[in-house]
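All remarks here apply to the structure that follows.
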Amino acid sequence: MLLLQLILNGLQVGAIYALTAAGFSLIFGSTKIFHFAHGATFTIAAYLFHYALTNLGLHWTLGVAMAAGGAVLFGILLDRFMYAPIQRHEGSFFTVFVASFGIGIVVENVIGMVFGRSFISVSTSLSRSVELLPDLYVSPLVGLAVLTSLVCFVAVHMFLMHTHAGMALRALSENTELVKTFGLSPRRLSAYAFALGSVLVVPAAIFTASSSGLNPAVGHHVMLISLAATIVGGIGSIRGAAFAGLLIGMVENVALWQVGTQWSEALTFAVLFFFIIFRPSGFFGRAAVS
Amino acid sequence: MIRKRLPALTLAATLFSSSVALADDVSIGAVFPLSGPNASYGDVFMSGANLAAKHANEDHMLSGDLNVLYEDSQALPQHGVIAMNKLVNVEEVPYVLSAFTGVSKAISTLAQRSETVAVNGGGVGPDLAALGEYFWNVIPLANNEVGAASKYLVEELGLKRVTLIYVDDPLGAGILNELEKTLEPLGGELVEAHSITPSAQQFSGVAARVRSSNPDAVYIASYGAQQLQIVKQLRDNGVDQQIISYSAFSLPSLQALPEAKGALYTTQSIDWDSTDPVTKRFVDDYRAANGKTPTSYVANYYNAVRVFALLAKELEAQGKDVTGENLLAQRKATDKFELVGGSVSFQDNGTLLAPIQVLEVTGGAGEIKKVYAED
């Protein structure tokens with residue numbers, strides 16, 4: 000029963016990781032921008048949701064809208080006013096990374112100043128587990144997290160495969176010059192990528208706020224997992240990042256069946272090293288020759 | 000001519016007057032977590048230290064104003080060492096407040112080498128009592144707290160099988176060691192010990208492991224945001240057993256967490272209604288400024304600064320410099336200190352002894368369940 004319990008826990012955690020990793024992978028794959036501040040987007044969305052529900056007393060749907068609005072706005076503004084000028088001046092990959100890393104730290108401190116630096120969580124009965132079978136506890140959030148992830152991935156897939164904007168985004172990841180030749184604006188497409196990638200972290204942020212709680216530094220862990228999942232899944236592959244996020248969540252939890260709790264995080268990175276050594280292109284990535 | 004030289008004269012006068020003012024001021028340092036997941040502790044610690052400095056200045060205990068220079072450790076040893084280096088080598092303070100077991104251990108060698116007194120009021124790792132004569136503790140250490148917790152669980156509640164969830168650092172290792180030592184003689188048993196990394200945030204898997212071992216009580220040895228996440232996730236994932244911890248649970252955010260209601264924790268025992276003048280003034284002024292009763296952490300850092308003020312006052316009266324070496328000698332020469340909580344004395348190893356109380360989280364200030372005399 001312990002194994003089944005750990006698998007169910009892994010599903011919930013994995014669904015959350017999958018959403019955050021897919022958002023990061025979408026942005027990185029399309030724009031080639033190492034958006035380290037993706038963790039900050041997660042933190043902003045989670046705190047706005049908490050603020051809307053707890054401080055403003057709004058209905059949860061308005062809380063979701065506020066979190067999504069804040070995340071999208073942050074992503075687009077960052078792209079427009081920080082990444083675009085750096086790219087215009089032909090800043091290196093490292094310059095973009097350092098700038099994004101700095102923004103992550105600024106956001107962490109601003110959130111600490113505005114919302115306080117202690118632990119907060121959204122109180123909901125949905126996070127409270129019920130005993131389904133003897134010694135098997137499941138909270139409604141598990142089902143919600145998995146269902147929401149599936150809906151989000153189907154929606155993103157439909158968008159990328161069946162809309163002009165989605166096709167243009169895929170084209171942007173392949174060949175920026177060709178996109179310009181067709182009269183499309185890479186800058187505008189980049190904004191689409193940031194909007195979509197940022198909105199994908201919103202459900203994950205909301206589930207985290209409700210299940211494990213928040214502190215201003217919560218984005219670091221999110222970013223670490225997103226990065227690992229992007230490499231394991233194959234750089235640029237949203238489907239790969241989603242599978243990898245799920246895999247990491249499962250490994251983190253199922254590992255506890257046999258090994259001590261202190262090893263669970265280390266095993267995440269053991270998976271990462273395994274892929275780097277034996278399958279550097281990841282789950283669904285394509286091998287490249289430079 | 001005078002008009003031409005006026006700006007230069009003004010500048011010289013300003014520089015001279017400011018240097019005179021600085022020379023009169025007395026500065027001590029503090030290495031606290033001011034950012035990161037444990038920053039809320041820094042706020043609590045600062046409130047105690049600032050209040051003590053304010054009282055010392057109101058009473059004109061020293062020849063100049065007493066200032067506390069704060070540096071951020073993020074509760075991480077490497078940041079703590081950088082902060083301590085700045086305070087010792089740049090600011091040249093004789094006395095530094097420290098917090099967190101890992102940080103305190105990291106800065107203790109520099110304190111010893113530079114003959115700077117470091118005073119801990121927050122870390123409770125048992126080995127903090129053996130970091131050299133320049134390292135003092137104004138807080139009872141985990142060996143006192145864990146002993147009282149084990150006694151209460153086994154003797155008062157009959158809860159003998161205990162599972163420990165501990166953060167993998169010197170504090171966690173110290174508490175594991177103390178639980179192993181104290182439970183067995185009382186007829187209790189440490190069923191399982193789950194080590195977690197300081198950065199871990201997901202504990203649903205740990206909760207499943209705890210449930211499967213079916214203990215009578217769960218001891219949590221963590222701190223900051225992480226300990227709240229552990230409590231919430233244990234309760235959310237069906238762990239209904241008695242939760243117990245150490246003084247880190249006195250954090251206001253934990254006291255307000257609905258899932259923590261009914262949890263037990265230990266702290267040093269301080270009677271907030273005491274009529275002794277030091278305690279009364281501290282409690283009254285803290286309540287007036289913050290609208291709530293202080294916690295033991297606030298009192299500890301108040302006491303840490305007050306110890307400095309008392310020692311420095313005595314040194315100034317004797318015409319001696321306020322240096323780490325002289326502060327140490329003066330502390331050894333002083334039998335009793337009038338601090339918040341009453342009249343206390345330091346042990347030879349530089350650690351204060353105090354009675355320990357077991358409290359229950361009730362949503363407001365904790366409810367005292369039992370007080371154990373210091374041993």
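Protein chains in written order, with numbering that gives the first Met the number 0: chain A, 0 to 289; chain B, 0 to 374.
Cβ atoms here follow ideal geometry from the backbone N, Cα and C, with glycine treated the same way.
None of the values given here were measured: they were computed from a predicted structure.
For G290/B, is the classification buried or exposed, using 16 other Cβ atoms within 10 angstroms of its Cβ as the cut-off for buried?
exposed
A207/B to T207/A, Cα distance in whole Å?
18 Å
Below 9 Å between beta carbons: does that hold for A144/A and I15/A?
yes
Burial state of A22/B (16 or more Cβ within 10 Å):
Low local confidence applies: a pLDDT of 47 at A22/B is under 50, so the model's placement there is unreliable, and no value is given.
Tell me the DSSP secondary structure of S221/B in three-state form.
Residue state, collapsed to three classes: coil.
Between the Cα of G79/B and the Cα atoms of V370/B, P32/B, K53/B, D64/B, which residue gives the shortest distance?
P32/B
How many Å lie between I85/A and V95/A at the Cα?
7 Å
Could you tell me whether the Cβ atoms of I219/B and I164/B are closer together than 9 Å?
The Cβ atoms of I219/B and I164/B sit closer than 9 Å to each other.
Could you name the residues of the region 195 to 223 of chain B whose beta carbon sits closer than 7 Å to any beta carbon of chain D, in the order they occur along the chain?
In summary, chain D is missing from the structure at hand, where the protein chains are A and B.
Measuring only the C-alpha atoms, how far is I195/B from T180/A?
54 Å
Mind reading off the beta-carbon distance from A308/B to A55/B? Whole number of angstroms is fine, and I expect it under 8 Å.
4 Å
Residues in the same chain with beta-carbon distance under 7 Å from L227/B, minus the five sequence neighbours each way, listed in chain order, please.
S252, L253, L256
As assigned by DSSP and simplified to three states, the class of L135/A
strand
Tell me which residue opens and which closes the beta strand (DSSP E) that G380/B is part of.
This structure does not reach residue 380/B, given that chain B is present from 0 up to 374, and the question cannot be answered.
Assuming A203/A and V71/A are in contact, meaning their beta carbons sit under 8 Å apart, how far apart are those beta carbons, in whole angstroms?
So it is not a contact: roughly 15 Å between Cβ atoms.
Give the secondary structure of V106/A by DSSP, where H, G and I count as helix, E and B as strand, and everything else as coil.
helix
Do V43/B and T333/B have their beta-carbon atoms positioned less than 9 Å apart in this structure?
no
In chain B, what lies closer than 9 Å to V12/A by C-beta?
Those within 9 Å of V12/A in chain B are Q201, S203, G204.
Specify whether the region 227 to 240 of chain B and the region 135 to 142 of chain B touch according to this definition: at least 3 beta carbon pairs, one from each stretch, less than 8 Å apart.
Contact between the region 227 to 240 of chain B and the region 135 to 142 of chain B is absent, because fewer than three Cβ pairs lie under 8 Å.
For a test of the three-state rule: what should DSSP assign to H37/A, helix, strand or coil?
helix
Of the choices Q240/B, A148/B, S273/B, whose alpha-carbon is the least far from that of T266/B?
Per the C-alpha coordinates, the member of Q240/B, A148/B, S273/B positioned closest to T266/B is A148/B.
Taking the alpha-carbon positions, what's the V339/B to S211/A distance?
37 Å
Taking the beta strand (DSSP E) that A117/B falls in, what are its first and last residues?
116 to 119
Simplified DSSP state of A22/B, which is helix, strand or coil:
Interpretation of A22/B is limited by its pLDDT of 47, a score under 50 that renders its predicted location unreliable; no figure is taken from the coordinates.
Spatial neighbours of E260/B within its chain, please: C-beta separation below 8 Å, excluding the five flanking residues on both sides.
The sequence given here has Lys at residue 260/B, not Glu. Counting only Cβ-Cβ distances below 8 Å, and skipping sequence neighbours, we find V360, T361, G362.
By how many angstroms is the C-alpha of G35/B removed from the C-alpha of G131/B?
So the two alpha carbons sit approximately 29 Å from each other.
Quick test of your reading: G233/A and F273/A, contact by CB under 8 Å. State the CB separation rounded to the nearest angstrom.
Not confirmed; about 14 Å, so no contact.
State yes or no: is the beta carbon of Q4/A nearer than 9 Å to at least one beta carbon in chain B?
yes
Taking beta-carbon pairs under 7 Å, can you tell me which members of the region 75 to 104 of chain B lie near chain A?
Residues: none.
For my contact list, S344/B and K335/B are in at a C-beta cut-off of 8 Å; report their separation, rounded to the angstrom.
5 Å
Run down chain A in chain order and give the residues with a C-beta less than 8 Å from the C-beta of L140/B.
Chain A residues near L140/B: none, gap ~24 Å exceeds 8 Å.
Report buried or exposed for V209/B, applying the criterion of at least 16 other Cβ atoms within 10 angstroms of its Cβ.
buried
Taking just the CA atoms, how far does V153/B sit from T181/B?
10 Å
Helix, strand or coil at H88/A according to DSSP, with G and I counted as helix:
coil
Run through the DSSP bridge pairs and tell me what H193/B is partnered with.
I164/B
Report back the beta-carbon spacing between N66/B and S97/B to the nearest angstrom; my notes put them in contact at under 8 Å.
That pair is no contact at about 17 Å.
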